[in-house]
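In terms of our numbering, the sequence shown opens at residue 10 and continues consecutively. Only one structure is covered here, and it is reproduced in the block below.
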Amino acid sequence: MSKLVAVGAIFVGETLSIIAELVASKQFGKAGEYLTTLLPMFLLITIGGTLLVCGYALGYMHLKNIWIIVAISVGAILVVEPILTFLLFREVPTTGSLIGLAFGALGTLAAIFL
């Protein structure tokens, strides 16, 4: 059960951090009020970072292998970031980006299963 909590904390932490990064990227400079745009994103990434630290610590405590935790973290980024990027920016990835994502996904799978 603790392993699932650790994985969940890492996944949610990465998701919140990515949302903060992407929203700040999209909104920054549009309204002219930088502080009102960035302040909520700082709060969001702080919560995400806290979950990541807890997830890493709990995960390492129960799995005894930091590389599994790193692979889970990178895997979460590989799944969440492209989806959120497409939903927020409505841009399709280039061929090079897709190839890079595919290799990243293969590397993550290799780290977990090999």
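Each residue gets a CB set at the ideal place from its N, CA and C atoms; glycine is no exception.
Taking all protein chains shown into account, phenylalanine 122 has fewer than 16 neighbouring C-beta atoms within 10 Å of its C-beta and is therefore exposed. Between the alpha carbons of glycine 22 and proline 49 lies a gap of roughly 16 angstroms.
Between the region 10 to 27 and the region 53 to 60 there are three or more C-beta pairs closer than 8 angstroms, enough to call the two in contact. If the five residues before and after tryptophan 76 are omitted, its C-beta is found closer than 8 angstroms to the C-beta atoms of Ala120, all from its own chain and listed in chain order. Spanning the alpha carbons of alanine 114 and glycine 84 requires a straight line of approximately 7 angstroms. Taking 9 angstroms as the cut-off, the beta carbon of leucine 93 is found closer than this to the beta carbon of leucine 31.
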